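All the letters of the sequence shown, read from the start, carry residue numbers 496 to 1458 under the numbering used here.
Glycine is no exception: its CB is placed at the ideal position from the N, C-alpha and C atoms.
Values in this document were obtained by computation on a predicted structure and should not be read as measured data.
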Amino acid sequence: MSTSTPSAPPFRDPHLPFGKRIDDLMARLTLDEKIGFLHQFTPAVERLGIAAFRTGQEALHGVAWMGPATVFPQAVGLGATWNEDLVRRVGEAVSREARAMRARDDRVGLNVWAPTVNLLRHPLWGRNEEGYSEDPKLTSAIATAYTRGLRGDHPVYWRTAPVLKHWLAHNNETDRDTSSSSVRPRVLHEYDLRAFRETVEAGAVAGVMPAYNLVNGRPNHVSPYLREHLRAWTHQELLVCSDAGAPSNLVDSEHYFDTHEEATAAALRAGVDSFTDHGTDSSKITARVRGALAQGLLTEADIDTAVRRQLSVRFRLGEFDGPGAYEEDGAFDTPEHRALAREAAEQAVVLLKNDGLLPPAPDARIAVVGPLADECKLDWYSGTLIHRSTPLDGLSERFGAERVVLAEGADRVRLKTSAGTFLHVPAAQDDPGAARGAEGALDPALLSGRTDLPPLTTDATGTELALVDWGEDVLTLRAPDGRYLSVADDGYVRASADQPGGWVVQETFRLEPHEDGHLLRHLGTGRHVCVGADGVKVAEAQDPEVPEVFEVVVAERGEEAVTRAAAGADVVVVVAGNDPHINGRETEDRTTLRLPAHQERLLRAARTANPRTALVLVSAYPYAVDPAALPAVLWTAHGGQAAGTALARVLAGDVSPAGRLPQTWYADDADLPDLLDYDVIGGRQTYLYFDGTPLFPFGHGLSYTTFSYTDLRARADDTAVRVSFTVTNTGTVTADEVAQLYTRAADPSVPRPRRELAAHRRVTLAPGESADLSFTLPLSSFAFWDAAHGRWRREPGPYELLAGASSEDVRLRETVVLDGEPAAPRPVVAHGLEAASFDEHSGIALVDRTKVSGDAVTPATDDTTGELLYRHCDFGPGVTRVTVEAAGEGTVEVSLAGGPPLATLSLSPDTPSTPTSGPYDYTTLDAAFTAEGVHDLRLALRGRLRVARVGFAGLSGLSRLSG
């Protein structure tokens, strides 16, 4: 480390603790300078020699948005590896590339917004690709590994500073900035908080980003959980960065506050430290902060707290210590990074079914068909490819180009106008151009399409276009030179895009039946295509030209090309799946688990022509497919730059597949809960609670060899259960096995998971080789959140230990009996009931008790009755009255389970208790109610009311209603 000079201020002295240095710098900053630090784009403080700073560098599976970088598999693919060591090495590579890229472009940030630890609760979520797993234990294990790689292993300095996304209970793009996730206490603690908690407690996290949605009626950007939970998990300063535009949403779309000054103050006090809003323009946020100060909504101390947290991150990154303090060099596109990208892609491949078709013979003739057969797709959070490998590339390299034939399966069409001419793609004067975003962009949503190429015209013969329907009648049209039809800002249609992409995709269309033909609607603008004298364009609202009516002239159906290719092959590989920018992405949830009909037709054609057909699903999420007639099925996420090579090596048997499913694959849409139903317990969601038969279960994945499990041993002591067993490769191929250990409460007093992942390990075994695996399970891992008493509790009794190859492929079982704390009745006379602490419910939503903290309950809709059940309520020697703290207008019926209503309490114009003026204006209702001993209590709620608490009065007086 460098030594300070006499003229250097203390904040520049690397020998001092970070805390003292931050104190010194804070004392030197003016109030205006500190306010400037609250925006994402923090200006320089030149008088102190402090550089400008930006929070937020996307780095989900490689450095994104800043031009060429190594592209690793999507996050869900990294989750499918079940390999923490691998993911840590990927994180290290990404952080080294970030350092190297920043050395030549200071726009590249070191405060990286990754990983995403939202649990993959619902497979129709548009951003499924960004998460690791539906299981909190696996998610936290993979996320911890990635953050450790991003952080680096220097004892003082961090290579990059990772921020976890998106806090909290965020699994829907539909109405994502106005919808509220109703999360009961058990789900909150056992599921949604858990992945964040275990990752933060591991110590390599610099902060979190709140999500756009609300939880229990309160926006995540003013969540009390930031203070009550997140900051209680670690002694480190954590930087909370808002999501883009979310601070303004508090007023503009959510209408949670009346003014932006109120909203900004509330977010800052709740714990948001950096405001990502209005792009690079910080003036609006800083003006709101000054306004909040002037109105007394904020104090300078509130601002200081947020600024300290940002400075803590910047000091850890070595910003104030000069180039000699942190000597580690970056590394960019090294041979090691390329090899790691391939290794990660190989380990992410999951073999779902294999009836002996794979691996094929070395001299096999292979037909690779389908819309992704010659594609290497990127997603919104990808960098720009330096290297590129498609399935066709990989199979041609592995088996020889002369033995591999391609049939994409696109429909070959020409679009005929009402005048009898056809759409024509003029010859380009140059190559297709650089990939979108290759130059780097702090906000790629602002990148526009090319206008340097000529618009489409019409002529007598036209141009044959490749049409692919991606489902929901959303289609792309591609010119013979590989460029996609797109619409730029000037409204003209050009063959100009290398791939569909952008925040608003400009390369998708829909054919709409009209009279004897079709209108062609451009989905990015919502406008129909028309043909003008100066070229083909989308119609303006004021455009006098009417939309063109096209006849679709089919030169060849995709099934015909697939049939020809499949018939002459020894093995057919159908590569199907999704384009990450279409029908399931950020801002857009999927509507179904089914494959697009176009791809189903191609699969049927291949299978009919050649039963030796393997289906390879390359996708960001699960599909519901029928594997019965297929001898082999594989899945991999979009695998980054080495995807094709990796897939070919797995198909050929050079690498035995060992990826495992990180989430349940359901057999049918009917198996899914509503997208907005966040109650994984009551809704029986994920492998933890799902009672049906999955298409493929959580943890599933096959191999080219076989493994045996033997000698399960378990021993419990005062702190943990120590488990061991042996795994042996009983086949003839060296391969990895992912050994999985689950637990199950055998005799629970409340609904508990059917089984729950407790530990896992990925091991490499040669034929005949064994591995003795040992795991230590803390006794705390057997506990559940006791909603009745508001704390964790381990029940005494038997617990099953299940070892095997998936959540359903259990090979060994053992039972241990643990001591614990027996269930105790709810002390409702002494403490009353928090309304949100129910055991069971129907027709209920959780809402915010106040704008600052607390939960209440309300009927889910105005015309339904919401019911709540509280088990084992102890009324002692007897109670004679019930009180309900409520707001709004409606009725509450109180009964003992199985019995008639014993009390009815109302807020209505026809009763002495008139409706309250607002949702937070609570009043206390009182009625006669008689009960004694221990009973289950039931509440029925009707109307537009919120219930916060219930109390009881009896021989010992009124139960407490507050606190």
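Check residue i in the structure and name its three-state DSSP category.
i: A974; result: coil
i: T1406; result: coil
i: K529; result: helix
i: T1271; result: strand
i: M496; result: At M496 the pLDDT is 43, less than 50, meaning the model places this residue with poor confidence; the figure from the coordinates comes in the next sentence. Coil.
i: F815; result: coil
i: H1462; result: No answer is possible for residue 1462: it lies beyond the span of the chain, which begins at 496 and ends at 1458.
i: T800; result: helix
i: R909; result: strand
i: I861; result: strand
i: A1241; result: coil
i: R1439; result: strand
i: K1032; result: strand
i: P1008; result: strand
i: K515; result: helix
i: S1348; result: coil
i: F1191; result: strand
i: D954; result: strand
i: Y1182; result: helix
i: G574; result: helix
i: E795; result: helix
i: V1057; result: helix
i: V585; result: helix
i: V1228; result: coil
i: V746; result: helix
Taking all protein chains shown into account, do 16 or more other C-beta atoms lie within 10 angstroms of the C-beta of residue i, making it buried, or fewer, making it exposed?
i: D858; result: exposed
i: W1287; result: exposed
i: Q790; result: exposed
i: K660; result: buried
i: S943; result: exposed
i: P1404; result: exposed
i: A1325; result: exposed
i: K1032; result: buried
i: G1139; result: buried
i: V1347; result: exposed
i: E629; result: buried
i: E1010; result: exposed
i: H1076; result: buried
i: V1041; result: exposed
Pull up the CB-CB distance for residue i and residue j, whole angstroms please, since I reckon it's below 8 Å.
i: L890; j: A1143; result: 5 Å
i: A983; j: T946; result: 5 Å
i: A836; j: T576; result: Their Cβ separation, rounded to whole angstroms, is 13 Å, which puts A836 and T576 out of contact at 8 Å.
i: R769; j: Q805; result: Inspection of the sequence shows that residue 769 is occupied by Ser rather than by Arg. With a Cβ gap of about 6 Å, S769 and Q805 count as contacting.
i: G1072; j: V1113; result: 4 Å
i: W1280; j: H684; result: 4 Å
i: A992; j: R1005; result: About 17 Å; that fails the 8 Å criterion.
i: R679; j: L1341; result: 7 Å
i: T736; j: T771; result: The displayed chain sequence assigns Cys, not Thr, to residue 736. 6 Å between Cβ atoms; contact.
i: N1224; j: G1263; result: 6 Å
Run the proximity test for residue i: is its beta-carbon closer than 6 Å to any non-hydrogen atom belonging to the ligand FAD?
i: A1109; result: With respect to the ligand FAD, the structure offers nothing, as it holds no ligand at all.
Practice problem: Kindly confirm or deny that the region 720-731 and the region 821-832 touch, where touching means at least three C-beta pairs closer than 8 Å. | Solution: no
Self-check item: Given 8 Å, three or more beta-carbon pairs between the region 1199-1206 and the region 641-656
Solution: no
Exercise. For the region 1268-1340, list the beta strand (DSSP E) runs that are entirely contained and at least 3 residues long, ordered along the chain.
Key: 1279-1281, 1286-1288, 1292-1299, 1305-1313 and 1335-1337
Quiz item: Unbroken alpha helix (DSSP H) runs of length 4 or more, entirely within the region 533-563: which are they?
Solution: none
Quiz item: Would you call the region 650-658 and the region 604-611 in contact, with 3 or more CB pairs under 8 Å?
Solution: yes
Exercise. Check whether the region 1342-1358 touches the region 1310-1326, counting contact only when three or more Cβ pairs, one atom from each stretch, lie closer than 8 Å.
Key: no
Quiz item: Taking three-plus beta-carbon pairs below 8 Å as touching, is the region 1048-1062 in contact with the region 585-598?
Solution: no
Quiz item: So, do the region 709-716 and the region 731-747 have three or more beta carbon pairs nearer to each other than 8 Å?
Solution: yes
Quiz item: Where are the alpha helix (DSSP H) runs, 4 residues long or more, that stay fully inside the region 1355-1439, in chain order?
Solution: none
Practice problem: Would you mind listing the beta strand (DSSP E) stretches within the region 600-687 that are 3+ residues and don't spill past its ends, in chain order? | Solution: 658-662
Quiz prompt | 4-residue-minimum alpha helix (DSSP H) runs that sit fully inside the region 1079-1125, ordered along the chain | solution = 1092-1104
Quiz prompt | Ranges of the alpha helix (DSSP H) found wholly within the region 693-724, counting only runs of at least 4 | solution = 720-723
Quiz item: Can at least three beta-carbon pairs, one atom from the region 684-693 and one from the region 619-635, be found at a separation below 8 Å?
Solution: yes
Self-check item: Cβ pair count under 8 Å reaching 3, the region 874-886 against the region 906-921
Solution: no
Quiz item: Can we say the region 776-795 touches the region 514-521, given the rule of at least three CB pairs closer than 8 Å?
Solution: no
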